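Asks: Below is the structure I would like to discuss, written out as structure tokens.
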Amino acid sequence: MTVPKLFRVILQVSDLDKAAEFYSKLLADEGRRIPRASRHYFDCGPVILALVDVAAGGESAKPLPDYIYFSVNNLEDVHGRAHELGCVSTEDVHGASAGEIVKRPWGELSFYVEDPWDNGLCFVDETTLFTGK
């Protein structure tokens, strides 16, 4: 029996064009629009980050209850783009600034951002990932 594989994570947004522009800049990837589905997809390794415009159906976008973690090989570059977008977190994580690149108590070098729809994102240097193994 094989373990199920995660293949898509959905973030609800209220303006698909604005969301696609924001994430295209942050991720340095244009992604792709999904016609007739009010969606925009970004390939993030084997998992798709899907932006779904719920406003098209008359709903309000609901943020995820916790962070989504991205592994990157260019943490400083992503951090610079996040600063340009004005989305770095102003919170603290274990007594350190969440918005600054910091080595966390569990060993990861990371920083946190918040998108315009209140979804939390964390970017982690791929050489410092903590996987519990």
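Numbering (our numbering), first residue to last: 343 to 475. For every residue, glycine included, the Cβ atom is placed at its ideal position computed from N, Cα and C. Fair warning: this is a prediction, and the values are worked out from it, not measured in the lab.
#1: In whole angstroms, what separates the C-alpha of residue 356 from that of residue 343?
#2: Can you look up residue 431 in the DSSP assignment and give me helix, strand or coil?
#3: Of the residues 427, 445, 447, which one's Cα is nearest the Cα of residue 361?
#4: How should residue 394 be labelled, buried or exposed, when 16 other C-beta atoms within 10 angstroms of its C-beta is the threshold for buried?
#5: Please list the terminal residues of the continuous alpha helix (DSSP H) segment that includes residue 477.
#6: Run through DSSP, which three-state label would residue 396 get?
#7: By alpha-carbon positions, which one of 452, 412, 449 ends up nearest to residue 390?
#8: Checking 7 Å against the spacing of the C-beta atoms, do residue 376 and residue 365 come in under that value?
#9: Of the residues 371, 347, 473, 354, which one's Cα is nearest the Cα of residue 405?
#10: From the DSSP output, in three-state form, read off residue 382 for me.
#11: Is it right to say residue 385 is buried, meaning 16 or more other beta carbons lie within 10 angstroms of its own, or is it exposed?
#12: If you draw a straight line from the C-alpha of residue 445 to the C-alpha of residue 419, how long is it?
#13: Would you list the one or two residues that DSSP bridges to residue 402?
#14: Starting from the C-beta of residue 468, find all residues in its chain whose C-beta is less than 7 Å away, skip the five residues before and the five after it, and write them out in chain order.
Replies: Quick answer:
#1: Walking along the sequence shown from the start, residue 356 turns up at place 14. Walking along the sequence shown from the start, residue 343 turns up at place 1. Rounded to whole angstroms, residue 356 to residue 343 spans 39 Å at the Cα level.
#2: Looking up residue 431 in the sequence shown gives position 89. Reduced to three states, the DSSP call for residue 431 is coil.
#3: In the sequence shown, the residue the question calls residue 361 occupies position 19. For residue 361, the nearest C-alpha among the options comes from 427.
#4: For the purposes of this step, residue 394 is taken as the residue at position 52 of the sequence shown. Answer is buried; the Cβ neighbour count reaches 16.
#5: The shown model of the chain, from 343 to 475, leaves out residue 477, and the question about it has no answer.
#6: If you number the sequence shown from 1, residue 396 lands on position 54. DSSP, reduced to helix, strand and coil, places residue 396 within a helical segment of the structure shown.
#7: Counted from its first residue, the sequence shown places residue 390 at position 48. Closest option to residue 390, Cα to Cα, is 412.
#8: Here residue 376 is taken as the residue at index 34 of the sequence shown, counted from 1. Here residue 365 is taken as the residue at index 23 of the sequence shown, counted from 1. No, the Cβ-Cβ distance between residue 376 and residue 365 is not below 7 Å.
#9: Your numbering for residue 405 matches position 63 in the sequence shown. Closest option to residue 405, Cα to Cα, is 354.
#10: On the sequence shown, position 40 is the one that residue 382 refers to. It is a strand residue.
#11: Position 43 of the sequence shown, counted from the first residue, corresponds to residue 385. Residue 385 comes out exposed.
#12: By one-based count along the sequence shown, residue 445 stands at place 103. By one-based count along the sequence shown, residue 419 stands at place 77. Whole-angstrom Cα-Cα distance: 17 Å.
#13: Sequence index remark: in the sequence shown, residue 402 carries index 60 (1-based). Per DSSP, none; premise fails for residue 402.
#14: Mapped onto the sequence shown, residue 468 falls at position 126. The residues are 413, 414, 415.
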